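Trainee: Please see the structure below; I have some questions.
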Amino acid sequence: RISEGNTEPATHNAIGKIYITLNKEPQTFLKNNQYYDPLVVGRFCEKLDPYLAYLAYRRTPGTCDDELIEVTNKNSLFKDQARYLVERQDL
Numbered sequence: 002r003i004s005e006g007n008t009e010p011a012t013h014n015a016i017g018k019i020y021i022t023l024n025k026e027p028q029t030f031l032k033n034n035q036y037y038d039p040l041v042v043g044r045f046c047e048k049l050d051p052y053l054a055y056l057a058y059r060r061t062p063g064t065c066d067d068e069l070i071e072v073t074n075k076n077s078l079f080k081d082q083a084r085y086l087v088e089r090q091d092l
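As structure tokens, then:
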């Protein structure tokens, strides 16, 4: 469906979860796909790989800030948190 041009978030969320579970270039998917819901995919990633959750949450600045802060604090991703906050400060 994605190859047909489907932009439905549910489809992209499902594909993202599959890529993440199978470890099939999940970082590339999270950085380049603009149609998944970062909140849904981020929550899915939190227990599997907190860094992937961070990537999902940072895709849309301002939308998932609280979740991003929480996951970076909980998993000691302080450098990534600082980088994100500095980028957000410049906006």
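Per our numbering, the sequence shown starts with residue 2, numbered consecutively.
We put the beta carbon where it would ideally sit given N, CA and C, even for glycine.
Given the structure is predicted, the values throughout are model-derived calculations rather than measurements.
#1: Can you tell me where the alpha helix (DSSP H) holding G17 begins and where it ends?
#2: Report the CB separation of T61 from P39 in whole angstroms; it is logged as a contact under 8 Å.
#3: Should N33 and H13 be called a contact, given that it needs their Cβ atoms to be closer than 8 Å?
#4: Can you list, in chain order, the residues of its chain whose CB lies under 8 Å from that of L78, leaving out five sequence neighbours each side?
#5: Measure the alpha-carbon distance for F30 versus G17 and round it to whole angstroms.
Mentor: To lay it out plainly:
#1: Segment 10–23, the alpha helix (DSSP H) holding G17.
#2: 5 Å
#3: no
#4: P51, Y52, Y55, V72
#5: 7 Å
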